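*Asks:* The sequence shown begins at 5 in the working numbering and counts up by one. From the three backbone atoms N, C-alpha and C, an ideal C-beta is built for every residue, glycine too. All figures in this text were calculated on a predicted structure; none of them were measured in a lab. Take a look at the following structure, please.
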Amino acid sequence: RDVASKLEEYRDIQSNDSLKEYLTSSQPAFTELCIKTVQKAYNFMPQKSETKPYGCRLLCTEENKDTWKNVRKQFFLIEFHRDSDAVDESKVRQFVEEIKTQGYYKGMIFSSSGFSTLATQFAESRPVTLINREKLEIVLSKAGI
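Shown next, in the form of structure tokens:
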């Protein structure tokens, strides 16, 4: 019974090469893929990257060539998850707490498995954007992956 639902859930991977690459690439290649995604799709410049058990985490700034040099850069914390489980509320809550304590401007969580209902509700009025599987596919194609 569970096998059938998993097969149905991952059926689109057979036709979507960018999502297949996102899910199956090695850890170093995955980190490079994430960096390329934020650079091309969001015009962000990664300042720091780290490997995590669930995927990867990036600390980025916006790449604005026409701003004043003395303008304080705003930092964005970005996580890419490629677990088979949906991201739950506690992970989103911890993420938002870190954004606040570190003084970052905003955060984004990309997940190939989606988010729990409570996680989505929690994120609604907070400085975090949740990118589910469907949006992730669009972002990856926008980045040319």
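Looking at the secondary structure, which residues open and close the beta strand (DSSP E) in which phenylalanine 119 lies?
*Replies:* Phenylalanine 119 -> no beta strand (DSSP E), and no H or E assigned at all.
*Asks:* Compare the Cα-Cα distances from serine 88 to each of Leu27, Asp21 and Ser22 and report the closest residue.
*Replies:* Leu27
*Asks:* Kindly list the residues whose CB is nearer than 8 Å to the CB of phenylalanine 34, restricted to its own chain and excluding five residues on each side of it in sequence; keep chain order.
*Replies:* Tyr26, Gly59, Cys60, Phe84 and Arg86
*Asks:* For glycine 107, write down the residues that DSSP places opposite it in a beta bridge.
*Replies:* Answer by DSSP bridge pairing: none, since glycine 107 is not bridged.
*Asks:* List the DSSP bridge partners of threonine 133.
*Replies:* Met112
*Asks:* Give the DSSP-derived three-state secondary structure of proline 57 in the structure shown.
*Replies:* coil
*Asks:* Decide yes or no for the touch test of the segment 117 to 129 against the segment 95 to 103: beta carbon pairs closer than 8 Å, at least 3 of them.
*Replies:* yes
*Asks:* Let me make sure I understand the geometry here. Which of Thr121, Pro57, Phe79 and Lys52 has the alpha-carbon closest to that of asparagine 136?
*Replies:* Thr121
*Asks:* According to DSSP, simplified to helix, strand and coil, what is glutamate 66?
*Replies:* strand
*Asks:* Round the Cβ separation of phenylalanine 80 and phenylalanine 119 to the nearest angstrom and send it over; I've been treating them as touching at under 8 Å.
*Replies:* Not confirmed; about 19 Å, so no contact.
*Asks:* Measure the C-alpha to C-alpha separation of isoleucine 113 and proline 57 and round it to an integer number of angstroms.
*Replies:* 15 Å
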